[in-house]
Amino acid sequence: MAVAMSWSSLISSALQHYNNRINLRDYPIPCHSSNPICNSFNFKRRSFSSSSSKFNDHVVNPSSSSSSKLSPIRTHFSFAGCGCSWIQDNSMVHDYATTNGTSKRCSALPTTKTVDVSSVSDLFEFICSGPLVDKIGITPQSVGQSIDKWLLYGSQLCRLFQLNELKLTIPQKARLYHYYIPVFIWCEDQIALHNSKFKDGDDVPPLVIGFSAPQGCGKTTLVFALDYLFKTTKMKSATISIDDFYLTAQGQAELREKNPGNALLEYRGNSGSHDLQLSVETLEALTKLTKEGIKMKVPRYDKSAYSGRGDRADSSTWPEVEGPLTVILFEGWMLGFKPLPTDVVKAVDPQLEIVNKNLEAYYDAWDKYIDAWVVIKIQDPSYVYRWRLQAEIAMRQAGKAGMSDEEVNDFVSRYLPAYKAYLPTLYAEGPSGSDPDRVLAIDIDEERNPILAN
Numbered sequence: 001m002a003v004a005m006s007w008s009s010l011i012s013s014a015l016q017h018y019n020n021r022i023n024l025r026d027y028p029i030p031c032h033s034s035n036p037i038c039n040s041f042n043f044k045r046r047s048f049s050s051s052s053s054k055f056n057d058h059v060v061n062p063s064s065s066s067s068s069k070l071s072p073i074r075t076h077f078s079f080a081g082c083g084c085s086w087i088q089d090n091s092m093v094h095d096y097a098t099t100n101g102t103s104k105r106c107s108a109l110p111t112t113k114t115v116d117v118s119s120v121s122d123l124f125e126f127i128c129s130g131p132l133v134d135k136i137g138i139t140p141q142s143v144g145q146s147i148d149k150w151l152l153y154g155s156q157l158c159r160l161f162q163l164n165e166l167k168l169t170i171p172q173k174a175r176l177y178h179y180y181i182p183v184f185i186w187c188e189d190q191i192a193l194h195n196s197k198f199k200d201g202d203d204v205p206p207l208v209i210g211f212s213a214p215q216g217c218g219k220t221t222l223v224f225a226l227d228y229l230f231k232t233t234k235m236k237s238a239t240i241s242i243d244d245f246y247l248t249a250q251g252q253a254e255l256r257e258k259n260p261g262n263a264l265l266e267y268r269g270n271s272g273s274h275d276l277q278l279s280v281e282t283l284e285a286l287t288k289l290t291k292e293g294i295k296m297k298v299p300r301y302d303k304s305a306y307s308g309r310g311d312r313a314d315s316s317t318w319p320e321v322e323g324p325l326t327v328i329l330f331e332g333w334m335l336g337f338k339p340l341p342t343d344v345v346k347a348v349d350p351q352l353e354i355v356n357k358n359l360e361a362y363y364d365a366w367d368k369y370i371d372a373w374v375v376i377k378i379q380d381p382s383y384v385y386r387w388r389l390q391a392e393i394a395m396r397q398a399g400k401a402g403m404s405d406e407e408v409n410d411f412v413s414r415y416l417p418a419y420k421a422y423l424p425t426l427y428a429e430g431p432s433g434s435d436p437d438r439v440l441a442i443d444i445d446e447e448r449n450p451i452l453a454n
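For the sequence shown, the residue numbers in UniProt numbering are 1 to 454.
Printed below as a string of structure tokens:
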């Protein structure tokens, strides 16, 4: 009975904090340039009664003089072709302006069972049942004391992904409250630990968090969500990918000529196909963005150039980052891979010998800059084929150019040898040079959902 009373007090306190503090002011929403209805959403604000623990819906119209203005942020993220079934199977509520200036609502109703997120106690229980709670040190007491924060983060992510937060499907609810938000809270803890090592007045370099995860497993969407949450919580972040450091088209051609007949180096992807000097220069510069007003441009890669062979994007299109940065999110499919004995890699595929040799230079170019790690683990590397096929099918259905099934098989086959060779060591020993206490390992299933490790 004492425990129940304690929880009741926590709920009452959390509800009061939530109603007093949650506010749409200064929280940017995504604005997709291809979406004609952006900037004209009406968002529901959730308020609670501590006596009933139920949601009360209030429509907040950005055009209203009494409401706060929402500042849209630009994003290059697209859901088309992402293969995110948890997003596609959603309950989206759009409001759009008509020609006479009035607002209409259109609903894209889900086809699967929805969960009415109407009770704080229900959400509390759901959060505490997640597979990551033990890994990141979440306790029922800490969830109860910070329930307003969980609700706020959930609301922000629902706006980001254009989901109806009051009618989430089970996969959506799990993706937000069992995956993205717990990882974000872990990142916050890592930042606090990092900052505690510096004295007041010191220039604190941004924390670099590496995300090592196979292609297609959802790491880009995860990083996208984390980056958004950092921005809404007033922490400046920068995102980079190992893809940003691919060789130029000319450099790739030279790599092919030097390695005739090696299918693993025919196209971009494996070690040897990256501009490591550019990696070092970029990471060194980013970690020095510790003061207001310091700016730099971050490289980007154009995968569509040269009929899909790719080339470095023109520097005029590179995004600009301004200090002081709090965190750098660095993601890639082969981050943390360690060189192995030659006979081991040759037993997997003889073509890996030169790839393995190239990998020796990658620690100093990438991994040594990473302070904390998120390693997303898969049970079977063949998942990558299915995920890539899903993405390409979604691209074609969206009217965009996508690879055929045969092309997908050829594409993935150039990465599978590296997965088979290096993932067992990554999973058993952790990333190259990492501190085990600062590695968050997340096992996911074939549907990209976090699961309890065996």
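Idealized CB from N, CA, C, for every residue including glycine.
Residue i beta carbon near the ligand COA (any heavy atom closer than 7 Å)
{"i": "residue 230", "result": "Questions concerning the ligand COA fall outside what the structure shown contains, since it holds no ligand whatsoever."}
First through last residue of the alpha helix (DSSP H) which encompasses residue i
{"i": "residue 278", "result": "276–286"}
{"i": "residue 143", "result": "140–145"}
{"i": "residue 342", "result": "342–348"}
{"i": "residue 395", "result": "383–397"}
{"i": "residue 127", "result": "120–128"}
{"i": "residue 231", "result": "219–232"}
{"i": "residue 258", "result": "249–258"}
Local Cβ density within 10 Å of residue i, reported as buried at 16 or more and exposed below that
{"i": "residue 132", "result": "buried"}
{"i": "residue 456", "result": "What the structure shows of the chain is the stretch from 1 to 454, and residue 456 is not part of that stretch, so it cannot be assessed."}
{"i": "residue 192", "result": "exposed"}
{"i": "residue 456", "result": "Residue 456 lies beyond the stretch modelled for the chain, which goes from 1 to 454, so this question has no answer here."}
{"i": "residue 168", "result": "buried"}
{"i": "residue 234", "result": "exposed"}
{"i": "residue 107", "result": "Low confidence applies to residue 107: its pLDDT is 30, below 50, so where it sits in the model is not reliable enough to give any reading."}
{"i": "residue 173", "result": "buried"}
{"i": "residue 124", "result": "buried"}
{"i": "residue 352", "result": "buried"}
{"i": "residue 269", "result": "buried"}
{"i": "residue 137", "result": "exposed"}
{"i": "residue 34", "result": "Any answer about residue 34 is weak, because its pLDDT of 35 lies below 50 and its placement is not dependable; what the coordinates show is given next. With fewer than 16 Cβ atoms within 10 Å of its Cβ, residue 34 is classed as exposed."}
{"i": "residue 279", "result": "buried"}
{"i": "residue 200", "result": "exposed"}
{"i": "residue 372", "result": "buried"}
{"i": "residue 197", "result": "exposed"}
{"i": "residue 149", "result": "buried"}
{"i": "residue 317", "result": "exposed"}
{"i": "residue 121", "result": "exposed"}
Same chain, Cβ closer than 6 Å to residue i, neighbours up to 5 away in sequence not counted
{"i": "residue 396", "result": "402"}
{"i": "residue 422", "result": "337"}
{"i": "residue 295", "result": "320, 322"}
Proximity to residue i [Cα-Cα], best of the options
{"i": "residue 379", "options": "174, 446, 405, 325", "result": "446"}
{"i": "residue 225", "options": "260, 292, 179, 270", "result": "179"}
{"i": "residue 376", "options": "267, 415, 394, 217", "result": "217"}
{"i": "residue 350", "options": "283, 261, 382, 367", "result": "261"}
{"i": "residue 332", "options": "210, 412, 122, 384", "result": "210"}
{"i": "residue 320", "options": "263, 286, 306", "result": "286"}
{"i": "residue 161", "options": "150, 149, 175, 294", "result": "175"}
{"i": "residue 425", "options": "408, 335, 438", "result": "335"}
{"i": "residue 281", "options": "414, 297, 271", "result": "297"}
{"i": "residue 142", "options": "127, 155, 301", "result": "127"}
{"i": "residue 274", "options": "428, 289, 254", "result": "254"}
{"i": "residue 442", "options": "219, 149, 148", "result": "219"}
{"i": "residue 135", "options": "439, 400, 406, 384", "result": "439"}
Sequence-distant residues of the same chain with beta carbon closer than 7 Å to residue i, five excluded per side
{"i": "residue 363", "result": "432, 433"}
{"i": "residue 248", "result": "311, 312"}
Extent of the continuous beta strand (DSSP E) to which residue i belongs
{"i": "residue 441", "result": "439–444"}
{"i": "residue 372", "result": "372–377"}
{"i": "residue 463", "result": "Since the first residue of the chain shown is 1 and the last is 454, residue 463 is not available in this structure."}
{"i": "residue 327", "result": "327–332"}
{"i": "residue 169", "result": "167–169"}
{"i": "residue 321", "result": "320–322"}
{"i": "residue 212", "result": "207–212"}
Contacts around residue i, its chain only, beta-carbon distance under 8 Å, and the 5 residues preceding and following it disregarded
{"i": "residue 414", "result": "263, 264, 266, 267, 269, 270"}
{"i": "residue 177", "result": "123, 126, 127, 130, 150, 154"}
Does the stretch 221–234 come into contact with the stretch 173–185, if we say contact requires no fewer than three beta-carbon pairs (one atom in each stretch) closer than 8 Å? Here the stretch 221–234 makes contact with the stretch 173–185; the two share three or more CB pairs at distances below 8 Å.
Does the stretch 350–362 come within contact of the stretch 331–342, defined as at least 3 CB pairs closer than 8 Å? By the Cβ rule, the stretch 350–362 counts as touching the stretch 331–342, because three or more pairs are nearer than 8 Å.
Assess, as a yes-or-no matter, whether the stretch 323–331 is touched by the stretch 201–221 under the definition of 3 or more beta carbon pairs within less than 8 Å. Taking 8 Å as the limit for Cβ pairs, the verdict is that the stretch 323–331 does touch the stretch 201–221.
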